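**Q**
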Amino acid sequence: MLTLHDGPAPRLDVTIVPREAERLLGFVTDRRQRLMLENFRRHGMYEVAGRWTEILDPALTVEHPVYRVADGPSTEVFDGMEAVRGFYGGMTDAGLNVLFPIWERMAVSDWGIAFESQLAHVVPGELMAVMGHEVEDTSVTYLLSQRVSNVWPFNDEERPRLLGEHVYLDQASAEAWVLPEEHVVTPKMATEALSPLVDALPPYTSL
42 MLTLHDGPAP RLDVTIVPRE AERLLGFVTD RRQRLMLENF RRHGMYEVAG
92 RWTEILDPAL TVEHPVYRVA DGPSTEVFDG MEAVRGFYGG MTDAGLNVLF
142 PIWERMAVSD WGIAFESQLA HVVPGELMAV MGHEVEDTSV TYLLSQRVSN
192 VWPFNDEERP RLLGEHVYLD QASAEAWVLP EEHVVTPKMA TEALSPLVDA
242 LPPYTSL
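Counting in the working numbering, the sequence shown runs from 42 upward without gaps.
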């Protein structure tokens, strides 16, 4: 059941999307593990900036990715490139790509990355039902937050590529705040904030 708070929402800052990966890059020395973190770093910023097609560049992601999204008792599987393109395209076209971690803990190993987040999502009221939550006022914008766990396996190539995502949503942890109009981060604002950061990074293939 969704907990709706009356007080102020957590501060919105999409530029923190890559922060946990960057923290690990500050001390991880293994080349393979560093490459996976660099992959994640770019992936996260591309996603929130609405530049999802760049996530699926063959330098970053395998030709047949498989995404599994478990939401309560149901699991949706996006099997193959066209299905994954539909996943990202649908989310971005709906304006649901503005999200960031309130906190995040990440671990990297030779097989891939695992992380847990308290993920915050900017959601127009009329789309809260799509996110699995009914609200009385659909005329406002909400900050929806819930605990999410991710497992990202990578392939065995010298420059590892993402095999897919295994996403686990904890609906019992869901909480929301009504965002004042002046505090809403729009998809356009997210693009403007993140594009200079991701564009300043060297190409993944050059690392």
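By construction, the Cβ of each residue, glycine as well, lies at the ideal position given by its N, Cα and C atoms. Quantities reported herein were computed from a predicted structural model and do not represent experimental measurements.
Which runs of the alpha helix (DSSP H) fall wholly inside the segment 50-82 and span at least 4 residues, in chain order?
**A** 60-66
**Q** Using C-beta distances below 8 Å, list every residue in its chain close to Gly166, excluding the 5 sequence neighbours before and after it, in chain order.
**A** Locating residue 166 in the sequence shown gives position 125, where the first residue counts as 1. Only Val176, Asp178, Thr179, Ser180, Val181, Thr182 and Tyr183 meet the Cβ criterion.
**Q** Evaluate contact between the segment 208-219 and the segment 90-110, counting only Cβ atoms and requiring at least three cross-stretch pairs below 8 Å.
**A** At 8 Å Cβ cutoff, the stretches touch.
**Q** Could you give the C-beta distance for Thr102 and Leu203, rounded to a whole number, given that I count them as a contact under 8 Å?
**A** Residue mapping note: residue 102 aligns to position 61 of the sequence shown, counting from 1. Residue mapping note: residue 203 aligns to position 162 of the sequence shown, counting from 1. Right, the Cβ-Cβ distance comes to about 5 Å (below 8 Å), so this counts as a contact.
**Q** Three or more C-beta pairs closer than 8 Å, one from the segment 112-132 and one from the segment 80-98: is that the case here?
**A** yes
**Q** Mapping DSSP to helix, strand and coil, what is Ala148?
**A** Position 107 of the sequence shown, counted from the start, is the residue given in the question as residue 148. Ala148 falls in the strand class under three-state DSSP.
**Q** One question on the structure: do Gln212 and Ser186 come within less than 8 Å of each other, judged by their Cβ atoms?
**A** The count along the sequence shown starts at 1 and reaches residue 212 at position 171. The count along the sequence shown starts at 1 and reaches residue 186 at position 145. Not a contact, by the Cβ cut-off of 8 Å.
**Q** Determine whether the Cβ of Asp98 lies closer than 8 Å to any Cβ atom of chain B.
**A** Annotation note: the requested chain B is absent from the structure, which comprises a single protein chain.
**Q** Quick one, which of His224, Leu242, Ala155 and Glu63 has its alpha-carbon nearest Leu53's?
**A** For the purposes of this step, residue 53 is taken as the residue at position 12 of the sequence shown. Nearest C-alpha to Leu53: His224.
**Q** Okay, do the segment 116-123 and the segment 70-87 touch, 3+ Cβ pairs below 8 Å being the bar?
**A** no
**Q** Would you tell me roughly how many angstroms separate the C-alpha atoms of Leu65 and Leu78, rounded to the nearest one?
**A** Against the sequence shown, residue 65 aligns to sequence position 24. Against the sequence shown, residue 78 aligns to sequence position 37. So the two alpha carbons sit approximately 8 Å from each other.
**Q** Within the segment 98-172, note down every full beta strand (DSSP E) run reaching 3 residues or more, in order along the chain.
**A** Qualifying beta strand (DSSP E) stretches, in chain order: 102-112, 115-120, 140-150 and 153-165.
**Q** What span of residues does the beta strand (DSSP E) with Thr44 cover, start to end?
**A** On the sequence shown, residue 44 is found 3 positions in, with the first residue counted as 1. Thr44 to His46 is the extent of the beta strand (DSSP E) around Thr44.
**Q** Beta-carbon separation of Phe141 and Val55 under 8 Å?
**A** Here residue 141 refers to the residue found at position 100 of the sequence shown. Here residue 55 refers to the residue found at position 14 of the sequence shown. Yes, the Cβ-Cβ distance between Phe141 and Val55 is below 8 Å.
**Q** With a 10 Å radius around its C-beta and 16 neighbouring C-beta atoms as the bar for buried, classify Gly48 as buried or exposed.
**A** Here residue 48 refers to the residue found at position 7 of the sequence shown. Exposed.
**Q** How long is the line joining the alpha carbons of Glu95 and Asp240, rounded to whole angstroms?
**A** In the sequence shown, the residue the question calls residue 95 occupies position 54. In the sequence shown, the residue the question calls residue 240 occupies position 199. Their Cα atoms are separated by approximately 11 Å.
**Q** To the nearest angstrom, how far is it from the Cα of Val219 to the Cα of Ile143?
**A** Translated into positions along the sequence shown, residue 219 becomes position 178. Translated into positions along the sequence shown, residue 143 becomes position 102. Roughly 16 Å between the two C-alpha positions.
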